[in-house]
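Here's the structure we're looking at; comments come further down.
Number of protein chains: 2
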Amino acid sequence: MIILLVEDDTVLATHSIDFLAQEGIEVDYASTVKQAQAISEHQNYDAIVLDINLPDGDGLTLAKQWQHQRQEPILFLSARDALDDKLQAFSYGALDYLTKPFALPELAIRIKLLANKSNSKPNRQFSLDSLQVDLDARIITRGDRVIVLSAQQWLLLELLIKHYPNPVRKAAIINEIWPQQDSNINMYKSLITRLRSNLTQEDEPALLHTLRKQGIALRVQHD
Amino acid sequence: MIILLVEDDTVLATHSIDFLAQEGIEVDYASTVKQAQAISEHQNYDAIVLDINLPDGDGLTLAKQWQHQRQEPILFLSARDALDDKLQAFSYGALDYLTKPFALPELAIRIKLLANKSNSKPNRQFSLDSLQVDLDARIITRGDRVIVLSAQQWLLLELLIKHYPNPVRKAAIINEIWPQQDSNINMYKSLITRLRSNLTQEDEPALLHTLRKQGIALRVQHD
DNA sequence: GAAACAGGTAACCGTAAGGTAACAGTATAG
DNA sequence: CTATACTGTTACCTTACGGTTACCTGTTTC
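Protein chains in written order, with the numbering used here: chain A, 4 to 226; chain B, 4 to 226.
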């Protein structure tokens, strides 16, 4: 069993890592948001333990960001015991919340419980008209046919779903899909055309609605 | 959603029941061990909330007794915050432990989380299409033939099953199977080919579905 | 009304990601 | 010690992804 621990208090972290090791739990450790992102990029964990207060950001934001990318169960650590903090944490996908100070054995037990349940999060679903999207399994269907998208097209669809039903600006899309690259309008245009043609067959209502100078929105076309 | 609440403090119980009702959670209520046993006999719940101190016994004993008879997830309530109490509760099958006083919204959230988890009791059997996998005995069959896999292939299959039906990224697989080693794409490619060929015979539907640039998923090929 | 502009479509094609087979070195079993 | 399986490596093949370009249409601006 391997978990990710993100915690800036090095003393606490060291103790935790030692204790968890005794319990047979391997720990990847990061002390900042940046470090956490780098370390975890190519690893799957059984659970993630996140401190809320971090030197270069906060665990809640990180969790919110991961909510749509990772499927690991998250346990928050925080010195704050206020209800609002907890509710916010849970709304960001937390499955448990432990208030400092806490006993290490309790942390270990809660981690183990989370790890056992790691499959339990139901996949996020999105549907619009006859379009059905499983955001975790990346399965897309429309009517009775299965739609397969390329990586780029999937990213775009995901982005549009995230902002549904609001339009997404062209610049935002380009920024998201070709980060730190020469932006080329033509690449953008091709991508839109390709996604549109994959999502729509003849006599089906269009789903990608262009708002001139404003962006593109996912919605059923009313005419 | 319906839960069982066993709690002798009638004021707390009333408040809880009211609040949970607002959250769409129906409550069966008992104030004693005896009553709890009687009420719950012919009912299955999404979760059970147990106070530890009860007039005619204690919640821990009740939980221990139920541990092997009922499969509902249990959340303990207690005024006691001592580590030993918690550890004992968890060892009796508790999945969560809340110290009084607590906020009702937190109780509601934790109940909901438990209810979601309850579906995923460690199911050590996996089946998909004609494929049958016993994850404990490590026996794999497809149709009437037994499939024998190498260690690496088994690891990969296990990983894919764990994430089913979601895809697993190539980098994640490589990290899982060759930890701290020079990653070589060719090793990965060979492994995939070998597992695929072992799982699939001619005229059987494919089970390993590649999502270009996104990963590989275990699923029946629909084409 | 022409020019400039935003957007849409189709076709072309180099490339890299993915798939397979074969070989060899090493481990493992009997 | 021999036979068999496992796994790393290489070489070669196939494909579709995505960038590019060219040519549309419709809208805005002066």
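All C-beta atoms in this analysis are idealised placements derived from N, C-alpha and C, irrespective of residue type, glycine included.
On the CB-based measure, 16 or more other CB atoms within 10 Å of its CB, does residue i come out buried or exposed?
i: asparagine 122(B); result: For asparagine 122(B), the predicted model reports a pLDDT of 49, less than 50, meaning its position is unreliable; a value from the coordinates is still stated below. It is exposed - the Cβ of asparagine 122(B) has fewer than 16 other Cβ atoms within 10 Å.
i: arginine 141(B); result: exposed
i: histidine 166(B); result: buried
i: proline 76(B); result: buried
i: leucine 27(B); result: It is glycine, not leucine, that sits at residue 27(B) in the sequence shown. By the 10 Å Cβ count, glycine 27(B) comes out exposed.
i: valine 9(A); result: buried
i: lysine 124(B); result: Its pLDDT being 45, under 50, lysine 124(B) is placed unreliably in this model, and the coordinates cannot settle the point.
i: glutamine 72(A); result: exposed
i: valine 30(A); result: buried
i: lysine 37(A); result: exposed
i: valine 14(B); result: exposed
i: leucine 214(A); result: exposed
i: aspartate 185(B); result: exposed
i: aspartate 49(B); result: buried
Can you tell me where the beta strand (DSSP E) with residue i in it begins and where it stops?
i: glutamate 29(A); result: 29–33
i: leucine 53(A); result: 50–54
i: phenylalanine 105(A); result: Here phenylalanine 105(A) belongs to no beta strand (DSSP E), and DSSP marks it neither H nor E.
i: valine 151(A); result: Premise fails: valine 151(A) is in no beta strand (DSSP E) and is neither H nor E.
i: aspartate 137(B); result: 134–137
i: leucine 131(B); result: 128–131
i: arginine 145(B); result: 142–145
i: leucine 7(B); result: 5–9
i: leucine 214(A); result: 211–214
Since residue i is in the alpha helix (DSSP H), which residue starts that stretch and which ends it?
i: tyrosine 191(A); result: 188–202
i: valine 223(B); result: Note, valine 223(B): premise wrong, no alpha helix (DSSP H); not H, not E.
i: alanine 41(A); result: 36–43
i: phenylalanine 79(B); result: First-last for phenylalanine 79(B): 77–81, but that is the beta strand (DSSP E), not the alpha helix (DSSP H).
i: histidine 18(A); result: 13–25
i: alanine 175(B); result: 173–180
i: histidine 166(A); result: 154–166
i: glutamine 68(A); result: 62–70
i: leucine 90(A); result: 86–94
For a cutoff of 8 Å on Cβ pairs, would you count residue i as touching chain A?
i: glutamate 179(B); result: yes
i: isoleucine 42(B); result: no
i: alanine 39(B); result: no
i: isoleucine 219(B); result: no
i: glutamate 109(B); result: yes
i: leucine 98(B); result: yes
i: arginine 83(B); result: no
i: phenylalanine 129(B); result: no
i: arginine 215(B); result: yes
i: proline 208(B); result: no
i: proline 104(B); result: no
Indicate whether at least one CB of chain B lies closer than 8 Å to the CB of residue i.
i: arginine 141(A); result: yes
i: proline 58(A); result: no
i: lysine 165(A); result: no
i: isoleucine 6(A); result: no
i: leucine 23(A); result: no
i: aspartate 45(A); result: It should be noted that the sequence gives histidine, not aspartate, for residue 45(A). Yes - at least one Cβ of chain B is within 8 Å of the one on histidine 45(A).
i: isoleucine 20(A); result: no
i: asparagine 122(A); result: Reliability fails at asparagine 122(A), whose pLDDT of 42 lies under 50, so the model's placement of it is uncertain and no value is given.
i: serine 193(A); result: no
i: glutamine 70(A); result: no
i: glutamine 74(A); result: yes
i: alanine 154(A); result: yes
i: phenylalanine 93(A); result: yes
i: isoleucine 28(A); result: no
Nearest to residue i by CA position, among the options, is which residue?
i: asparagine 113(A); options: Phe105(B), Asp139(B) and Leu86(B); result: What sits at residue 113(A) in the sequence shown is arginine, not asparagine. Closest by alpha carbon: Leu86(B).
i: valine 223(A); options: Phe105(A), Gly146(A) and Glu207(A); result: Glu207(A)
i: isoleucine 51(B); options: Phe79(B), His212(B) and Lys216(B); result: Phe79(B)
i: isoleucine 219(B); options: Ala111(B), Ile177(B), Ile164(B) and Arg172(B); result: Arg172(B)
i: alanine 174(A); options: Leu90(A), Lys216(A), Phe105(A) and Glu44(A); result: Lys216(A)
i: tyrosine 191(B); options: Ile180(B), Ser200(B) and Asn201(B); result: Ile180(B)
i: phenylalanine 93(A); options: Leu194(A), Thr196(A), Gln70(A) and Ala16(A); result: Gln70(A)
i: alanine 5(B); options: Thr102(B), Ala41(B) and Lys115(B); result: According to the sequence provided, residue 5(B) is isoleucine. The question's alanine does not apply to it. Answer by Cα proximity: Lys115(B).
Tell me, to the nearest whole angstrom, how far the beta carbon of residue i is from that of residue j; I am working on the premise that it is less than 8 Å.
i: leucine 210(B); j: aspartate 132(B); result: 7 Å
i: leucine 90(A); j: proline 104(B); result: Contact flag wrong, Cβ pair sits at about 16 Å.
i: histidine 45(A); j: asparagine 56(B); result: Incorrect: roughly 49 Å between the Cβ atoms, too far for contact.
i: leucine 198(B); j: leucine 138(B); result: In fact, because the Cβ distance is near 16 Å, the residues do not count as touching under 8 Å.
i: leucine 152(B); j: asparagine 201(B); result: 6 Å
i: alanine 66(A); j: tyrosine 95(A); result: 5 Å
i: glycine 62(A); j: aspartate 54(A); result: 6 Å
i: serine 34(A); j: aspartate 11(A); result: 5 Å
i: leucine 221(B); j: proline 168(B); result: 7 Å
The ligand COA and residue i: does the residue's C-beta get closer than 7 Å to at least one heavy atom of that ligand?
i: histidine 212(A); result: The ligand COA is absent from the structure shown, which contains no ligand whatsoever.
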